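Colleague: Here the sequence shown is numbered in my numbering, starting from 1 and rising by one per residue.
Heads up, the beta-carbon is just placed ideally off N, CA and C, and yes, glycines get one too.
The structure presented is a predicted model; accordingly, all values stated were derived computationally and were not measured.
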Amino acid sequence: KDWKSQHSHLFEKAPKDYGIGRDVLPRKRDLSRYVKWPRYVRIQRQRAILRQRLKVPPALNQFTKTLDKNQATNVFSLLSRYRPESPADKKARLLAQASAEAKDQDVKQKAKPKYVKFGLNHITKLVESKKAQLVIIAHDVEPVELVCWLPALCRKEDVPYCIVKGKARLGQIVHKKTATALAVTDVSKEDLPKLQQLTQNFKAMYNDQAATDRRRWGGGIMGHKA
Numbered sequence: 001k002d003w004k005s006q007h008s009h010l011f012e013k014a015p016k017d018y019g020i021g022r023d024v025l026p027r028k029r030d031l032s033r034y035v036k037w038p039r040y041v042r043i044q045r046q047r048a049i050l051r052q053r054l055k056v057p058p059a060l061n062q063f064t065k066t067l068d069k070n071q072a073t074n075v076f077s078l079l080s081r082y083r084p085e086s087p088a089d090k091k092a093r094l095l096a097q098a099s100a101e102a103k104d105q106d107v108k109q110k111a112k113p114k115y116v117k118f119g120l121n122h123i124t125k126l127v128e129s130k131k132a133q134l135v136i137i138a139h140d141v142e143p144v145e146l147v148c149w150l151p152a153l154c155r156k157e158d159v160p161y162c163i164v165k166g167k168a169r170l171g172q173i174v175h176k177k178t179a180t181a182l183a184v185t186d187v188s189k190e191d192l193p194k195l196q197q198l199t200q201n202f203k204a205m206y207n208d209q210a211a212t213d214r215r216r217w218g219g220g221i222m223g224h225k226a
């Protein structure tokens, strides 16, 4: 015992020091605090915090009232059945039609397909002419001025509307990167009860709650340091 206490061990135990310029941090350590994030990531995070801190007027705060997961799943399952044809499908159809016409064959005109409508100007005309049966608006459109008037127009024309999370999810339906809004104008007979149920729910949730939503301000949530 005396000899061991007087002589140091061959391999001395040196505790690791994780200070700056010292030992390498372990692999599983979360380094996200040390990352210099890209500018667009910093901006969108700062924007999210600003929207919590500042007072948000009702016209913009209405876009925080989105459908929950179950409701959104029902809407997107209906929309997925009425996706417009992709550019590749359209090209194949036109090529087949052109080759049939070149061979002097009779080209049968099919019934007009029932598709989801997209494009802000197109949807505006459909709402004004009351052809739209349901309007689905994205909650994260930038700049928000593009769509902040659309719920008011839907209420004026008595067209049911809803607000869902993700312009990218709407864009996926119509083969685009993003879409500000979609409109359902017509569905097949088997989907009619489902559409009627959705429109009834959304009318009670959005159209009939306009007076309450018009007075509800958002934001004003301070951080724990305030």
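For L126, count the other beta carbons within 10 Å of its own beta carbon; 16 or more makes it buried, fewer makes it exposed. Which is it?
Modeller: In the sequence shown, residue 126 corresponds to position 126, counting from 1. Label assigned to L126: buried.
Colleague: What number of angstroms, rounded off, separates the C-alpha of D104 from the C-alpha of A98?
Modeller: For the purposes of this step, residue 104 is taken as the residue at position 104 of the sequence shown. For the purposes of this step, residue 98 is taken as the residue at position 98 of the sequence shown. For D104 and A98, the distance between alpha carbons rounds to 10 Å.
Colleague: Start and end of the alpha helix (DSSP H) containing G48?
Modeller: Here residue 48 is taken as the residue at index 48 of the sequence shown, counted from 1. Looking at the sequence provided, one finds Ala at residue 48 rather than Gly. Following the DSSP letters along the chain, one finds A48 inside the alpha helix (DSSP H) bounded by residues R39 to R53.
Colleague: Between the beta-carbon of A183 and the beta-carbon of I136, is there less than 9 Å?
Modeller: Locating residue 183 in the sequence shown gives position 183, counting from the first residue. Locating residue 136 in the sequence shown gives position 136, counting from the first residue. Yes, the pair counts as a contact, with Cβ atoms nearer than the cut-off.
Colleague: How many Å lie between M205 and T64 at the Cα?
Modeller: As a working note, residue 205 is residue 205 in the sequence shown. As a working note, residue 64 is residue 64 in the sequence shown. C-alpha separation (whole angstroms): 13 Å.
Colleague: Could you name the residues that DSSP lists as bridge partners for C232?
Modeller: This structure gives no information on residue 232, because the portion of the chain shown stretches from 1 to 226.
Colleague: Inspect the beta-carbon positions of Q219 and Q52 and report whether they are closer than 9 Å.
Modeller: Locating residue 219 in the sequence shown gives position 219, where the first residue counts as 1. Locating residue 52 in the sequence shown gives position 52, where the first residue counts as 1. First, the residue type needs correcting, since residue 219 is Gly and not Gln in the sequence shown. For G219 and Q52, yes; Cβs fall inside 9 Å.
Colleague: Any contact of the stretch 142-149 with the stretch 191-206, i.e. 3+ C-beta pairs under 8 Å?
Modeller: Short answer: they don't touch.
Colleague: Any idea if K114 is buried or exposed, counting beta-carbon neighbours within 10 angstroms, 16 or more meaning buried?
Modeller: Within the sequence shown, residue 114 is the residue found at index 114, counting from 1. Exposed.
Colleague: Quick check: the Cα distance between L60 and D191, rounded to an integer number of angstroms?
Modeller: Translated into the one-based positions of the sequence shown, residue 60 becomes position 60. Translated into the one-based positions of the sequence shown, residue 191 becomes position 191. Taking the straight line joining both Cα atoms gives about 33 Å.
Colleague: Is the Cβ-Cβ distance between L170 and A138 less than 9 Å?
Modeller: On the sequence shown, residue 170 is found 170 positions in, with the first residue counted as 1. On the sequence shown, residue 138 is found 138 positions in, with the first residue counted as 1. Result yes, Cβ atoms of L170 and A138 sit closer than 9 Å.
Colleague: Nearest CA to the CA of S129: which residue from G119, E157, F118 and A152?
Modeller: Here residue 129 refers to the residue found at position 129 when the sequence shown is read from its first residue. Of the listed residues, the one whose Cα sits closest to S129 is E157.
Colleague: Going by DSSP, what residue range makes up the alpha helix (DSSP H) through V127?
Modeller: Residue 127 sits at position 127 when you count from the first residue of the sequence shown. Where V127 is concerned, the enclosing alpha helix (DSSP H) stretches over L120 to E128.
Colleague: Using CA coordinates, which residue listed in K194, H122 and F76 is at the minimum distance from K167?
Modeller: Numbered from 1 along the sequence shown, position 167 holds the residue referred to as residue 167. Nearest of K194, H122 and F76 to K167, Cα basis: F76.
Colleague: Going by CA-CA distance only, name the one from V147, V24 and K177 that's closest to I163.
Modeller: Here the question's residue 163 lines up with position 163 in the sequence shown. In terms of Cα proximity to I163, the closest of V147, V24 and K177 is V147.
Colleague: Would you list the one or two residues that DSSP bridges to K117?
Modeller: Start at 1 with the first residue of the sequence shown, and residue 117 comes out as number 117. In DSSP, K117 forms a bridge with A183.
Colleague: At the level of alpha carbons, what is the spacing between R155 and L31?
Modeller: The count along the sequence shown starts at 1 and reaches residue 155 at position 155. The count along the sequence shown starts at 1 and reaches residue 31 at position 31. So the two alpha carbons sit approximately 48 Å from each other.
Colleague: Can you name the residues that DSSP bridges to G219?
Modeller: Along the sequence shown, one-based indexing puts residue 219 at 219. Its beta-bridge partners are K55.
Colleague: Check F11 in the structure and name its three-state DSSP category.
Modeller: Against the sequence shown, residue 11 aligns to sequence position 11. DSSP places F11 in coil when its eight states are reduced to three.
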